[in-house]
Each structure stands twice: as C-alpha cells, then as structure tokens.
Amino acid sequence: DLAYTHRNLSLLFRLFEPVYEAPPLTVLICDNMRLGNAERLGIDSAYRCFAALLGLHVDFNVASDWFADQIPVTTKAALYPAALCPSDESFEAVMKWVRAGGVLLTTGGPVYDADRKLTRTDRLKELAGVEWLGANYAPTDRPSQTAAPIRAATMTERARTFDLPDLQAAPLASVKPAGAVVLATDANGAPVLTRQQVGNGVVYYVADPVELAPGDGASALRPLYEWFLRRASIAPSLVTPDDPQLHVFAQKTRTGRAHVVFSSRTGDSHQDVKLPTKAGEVVLGVKDRYPALAAVGDDGTVSVLGAYQSAKIGALSVLTADGLVTATTLDGADLRKSAAVMLLPFSTGKVTLRRLQPWKRPVALLGDIHDGKFRPLEALNLRAGAEVTVDFDADRATLIALVCERGTEPKWQGAISKWVSAPGEMRGR
115 DLAYTHRNLS
125 LLFRLFEPVY
135 EAPPLTVLIC
145 DNMRLGNAER
155 LGIDSAYRCF
165 AALLGLHVDF
175 NVASDWFADQ
185 IPVTTKAALY
195 PAALCPSDES
205 FEAVMKWVRA
215 GGVLLTTGGP
225 VYDADRKLTR
235 TDRLKELAGV
245 EWLGANYAPT
255 DRPSQTAAPI
265 RAATMTERAR
275 TFDLPDLQAA
285 PLASVKPAGA
295 VVLATDANGA
305 PVLTRQQVGN
315 GVVYYVADPV
325 ELAPGDGASA
335 LRPLYEWFLR
345 RASIAPSLVT
355 PDDPQLHVFA
365 QKTRTGRAHV
375 VFSSRTGDSH
385 QDVKLPTKAG
395 EVVLGVKDRY
405 PALAAVGDDG
415 TVSVLGAYQS
425 AKIGALSVLT
435 ADGLVTATTL
445 DGADLRKSAA
455 VMLLPFSTGK
465 VTLRRLQPWK
475 RPVALLGDIH
485 DGKFRPLEAL
495 NLRAGAEVTV
505 DFDADRATLI
515 ALVCERGTEP
525 KWQGAISKWV
535 SAPGEMRGR
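Reading the sequence shown from the start, the letters are residues 115 to 543 in this note's numbering.
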C-alpha cells in the first residue's frame with residue numbers, strides 16, 4: 115500500500131542531514147534549444163546526456179547556459195551537449211570559463227544564434243580551432259542520419275590518446291582544422307573529434323550533435339563521455355558489477371555518506387551489488403526498479419541498511435529477508451552492535467537481523483504512528499542469540515517493528531515518537 119510506503123520513507127528520510135558537496139562535473143544545457151519549434155531536441159538531448167552519465171556512475175550538477183557566468187568554481191569539467199544556438203552572452207561566458215582553466219566537451223557546434231539563424235559560424239574557430247565549411251544536414255534531420263565509424267587521425271594519436279574504436283558519428287558540421295589538433299576523422303579524412311587549447315583550458319569538440327540521435331542514445335554516448343571524463347580526471351563512483359543500468363550515488367551527510375543504488379532495469383530480477391565504503395565492502399541485494407541503501411559514517415559506523423533479501427558488511431550477513439526491508443539503529447551504534455533497531459518493511463515475509471553480540475531478552479514491538487507517537491499493537495518475544503527473526507505477514511507488513519532488549523521499550527518508543535513529532539530536535543546522520 116502506498117500510504118505505508120510513504121510513512122516508512124518519511125521516517126527513513128528524516129534520519130539524514132544531507133550536506134551539499136559540489137561535484138567537479140557540470141552539464142550545461144543550451145536552453146535556447148528547448149524553445150520554439152522542435153523543442154524536443156533540447157529536452158531529449160539533455161535527458162540522453164543525463165542517462166549516459168548516470169550509466170557511468172558519475173556525479174554531476176546541471177546548469178542553464180543562460181547562467182553560464184555562474185558556473186560553480188568547483189567545476190573542473192563541463193559537458194555542453196548539442197549546444198547549437200546559444201546567445202552571444204552565453205557563448206562568451208562559456209569561453210571565459212574555459213580560458214580560466216575549464217575542460218569542455220561540446221557537440222554539434224554553436225553556429226546558430228539565439229534565433230536559430232546560421233549566423234555564428236565564426237564561433238567554431240574561437241571555440242574549437244576549426245573553420246566552418248558547411249552543414250551536412252539540418253539539426254532537425256539528425257534522427258534520420260546514419261552514423262558511420264570514425265578513425266584516429268594519425269597512428270601517433272591512436273597510440274597516445276585514442277581509444278574509441280566503436281564510436282560512430284554523423285557530423286552536422288563540415289569543418290577543416292584552423293589550429294586544433296585533429297584526433298579523429300570520418301572515412302574521408304574530415305575532422306570529427308578535435309582538441310583545442312583555449313587560454314588555460316581545453317575544448318574537445320565533436321562535429322556531430324550525438325545527443326540528438328534517436329533511440330538508446332545513452333549507449334552511444336557512454337564511450338565518448340567516458341573517454342572525455344578520463345582526460346578531465348573525473349572519477350566515477352566504484353560499484354561491482356559496473357552495470358550502466360545501476361545508478362549509484364554517495365550523498366554526503368552530516369556524519370558520513372548515504373550510499374544509494376537504484377536498478378533502472380524494468381524486469382523482476384535482482385542482483386548483489388558491492389560498494390566500497392568507510393566500513394569496507396558492503397553488499398546490497400538490489401531488485402529491478404527499486405533502490406537499496408547503506409548509511410555509513412566517516413568512522414565506519416553502519417547505521418542504516420536497506421536491501422532486497424540480503425545486506426552484508428564484509429562477511430557478515432547483517433540483514434536477510436524474503437523481500438524488501440530497511441533496518442536503522444536508534445541508539446547511534448553500528449547495526450552490528452546496536453541494542454535498538456527499527457525495521458521498516460516494504461513487503462511481506464521473514465526478516466532476520468544479525469549482530470556480533472547475542473541478544474539476551476529480545477523483544478519486537480510492532481506498531482504504527484498515531485497522534486505523533488509510536489503506538490505498539492503487538493509484542494513478540496524473540497529467541498535469544500546473535501540473530502532475531504520477525505515474520506511480517508500481510509497485517510504486520512503495514513506496521514513498524516522496534517527490536518530491543520526487554521525493559522528498554524519505553525526509551526526507544528520515545529525515540530521513534532520524537533523522530534515523528536519533533537524531528538528538529540534530532541540531529542540527522
């Protein structure tokens with residue numbers, strides 16, 4: 115039921131106190147592409163760019179080129195996808211940022227003005243070190259173009275910098291070198307990928323607005339973006355398997371990081387995903403179309419685990435379940451040592467919680483939130499030992515479970531109630 119899911123997520127999210135951490139990569143959106151006729155060109159090209167970067171497990175922020183003069187100072191590199199018609203002000207702001215030391219990858223070429231007229235072909239020489247010869251097609255015709263393989267410009271470049279053997283392109287711009295280093299050409303020797311030193315920065319230019327290609331554009335973009343990010347020294351988040359359909363985030367919080375994995379697969383399968391954390395390797399079971407979570411402090415304390423069927427810290431299976439569940443500590447201790455754990459079920463089935471020290475007289479209180487307080491509706495006496503199991507049938511799966519030692523229930527009931535009624539008095543993790 116969505117209402118119970120929303121309740122559980124509300125309780126979960128208020129446990130965290132996010133801290134903004136500016137990523138070194140910015141995606142600049144050419145907002146003029148999203149205006150007027152064929153506005154889907156600008157919208158879809160942005161979405162394809164985002165999808166490709168998510169598949170590469172790279173953190174990034176997004177900015178409109180209308181505000182390119184406000185690119186964050188933390189930005190080391192920027193993508194400017196299908197930037198065909200920026201205003202003069204936007205173009206100059208981007209150039210200023212590059213001259214100051216930025217590393218830019220742009221595709222297509224900013225040869226159109228803000229009114230989408232072909233009046234700014236001279237920009238290519240300033241930006242990319244190539245001279246405009248003509249257009250091979252109109253931007254609106256890119257979806258009907260057939261891309262062809264590109265090749266390294268020289269054997270020297272192939273050995274030194276070129277590693278895109280499967281990249282294909284359909285150049286919109288026909289250009290010739292005018293100061294740039296040509297890295298790759300089409301079959302006829304025309305430049306497709308170039309590199310130009312601009313002040314203290316570098317511009318990589320692709321003559322094809324590849325983000326305008328139809329279909330699964332993200333899979334075609336990933337090799338190009340990965341190549342660029344290596345040259346810009348932008349490191350991805352590490353994850354095993356390195357699957358582009360897994361989206362991985364490591365959100366900084368007040369005490370550490372919230373590691374989140376989301377499977378964008380649309381099936382009904384699941385897989386184990388390994389993440390490096392301050393607590394060592396954490397392995398989360400991830401179900402298609404669902405997220406998994408591990409909150410790890412800078413000191414290595416694991417305070418939240420949410421997964422499908424299994425969550426491990428090193429070799430210890432801390433959480434096993436028949437379905438999807440999240441466990442969080444209430445006492446601030448590591449889940450492997452915690453004396454008070456809240457279980458938030460997202461499906462029916464058995465849930466087993468393991469820790470390093472045995473429980474002595476464990477009890478599980480199952481209840482709900484009423485008038486801002488946690489109200490127990492059922493109490494279960496659990497077996498003593500290093501692991502405890504709670505069976506969430508259809509009724510219990512609508513509730514919250516508090517697992518603690520007998521005699522401490524009022525204290526931890528109060529803690530849950532405080533998270534609900536006075537979250538401002540509780541510091542997030």
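Quick reminder that beta carbons are idealized off the backbone N, C-alpha and C, glycines included.
Rounded separation between residue i and residue j - CA only
i           : j           : result
residue 282 : residue 136 : 33 Å
residue 515 : residue 340 : 44 Å
residue 523 : residue 383 : 38 Å
residue 261 : residue 343 : 23 Å
residue 455 : residue 123 : 16 Å
residue 377 : residue 265 : 34 Å
residue 296 : residue 356 : 31 Å
residue 430 : residue 450 : 9 Å
residue 273 : residue 298 : Here the model assigns residue 273 a pLDDT of 45, short of 50, so the residue's position is not dependable, and the following value carries that caveat. Each residue's Cα considered, the two are about 12 Å apart.
residue 223 : residue 336 : 20 Å
residue 437 : residue 399 : 10 Å
residue 362 : residue 115 : 27 Å
residue 415 : residue 364 : 15 Å
residue 347 : residue 358 : 20 Å
residue 249 : residue 179 : 24 Å
residue 509 : residue 119 : 14 Å
residue 117 : residue 168 : 29 Å
residue 156 : residue 147 : 4 Å
residue 410 : residue 161 : 31 Å
residue 173 : residue 507 : 39 Å
residue 483 : residue 386 : 33 Å
residue 453 : residue 521 : 12 Å
residue 145 : residue 446 : 46 Å
residue 403 : residue 318 : 35 Å
residue 441 : residue 525 : 18 Å
residue 422 : residue 435 : 7 Å
residue 460 : residue 267 : 55 Å
residue 397 : residue 388 : 4 Å
residue 305 : residue 321 : 8 Å
Buried versus exposed call for residue i [16 or more other C-beta atoms within 10 Å across all chains shown]
i           : result
residue 195 : buried
residue 470 : exposed
residue 127 : exposed
residue 314 : exposed
residue 289 : buried
residue 541 : exposed
residue 373 : buried
residue 426 : buried
residue 170 : buried
residue 527 : buried
residue 134 : exposed
residue 154 : exposed
residue 369 : buried
residue 581 : What is shown of the chain runs 115 to 543, which leaves residue 581 out entirely.
residue 125 : buried
Limits of the beta strand (DSSP E) - the one that residue i falls within
i           : result
residue 143 : 139-143
residue 481 : 476-484
residue 495 : 487-495
residue 221 : 217-221
residue 308 : 305-312
residue 64  : Outside the displayed range of the chain (115 to 543) lies residue 64, so it cannot be described from this structure.
residue 407 : 405-411
residue 316 : 315-320
residue 299 : 295-299
residue 226 : Careful: residue 226 lies outside any beta strand (DSSP E) and carries neither H nor E.
residue 498 : Premise fails: residue 498 is in no beta strand (DSSP E) and is neither H nor E.
residue 193 : 191-194
Terminal residues of the alpha helix (DSSP H) in which residue i lies
i           : result
residue 120 : 116-127
residue 164 : 154-169
residue 248 : Per DSSP, residue 248 belongs to no alpha helix (DSSP H); it is in the beta strand (DSSP E), 244-249.
residue 524 : 523-535
residue 211 : 202-213
According to DSSP, residues forming a beta bridge with residue i
i           : result
residue 398 : 387 and 425
residue 514 : 481
residue 178 : 143
residue 506 : 463
residue 456 : 442 and 516
residue 367 : 132
residue 419 : 408 and 441
residue 263 : 282
Integer-rounded CB distance, given that residue j should sit under 8 Å from residue i
i           : j           : result
residue 312 : residue 212 : 5 Å
residue 503 : residue 466 : 5 Å
residue 424 : residue 443 : The Cβ separation is near 19 Å, so there is no contact.
residue 207 : residue 242 : About 17 Å; that fails the 8 Å criterion.
residue 192 : residue 232 : About 25 Å; that fails the 8 Å criterion.
residue 205 : residue 230 : With 8 Å as the limit, residue 205 and residue 230 do not qualify as a contact, their Cβ atoms being about 14 Å apart.
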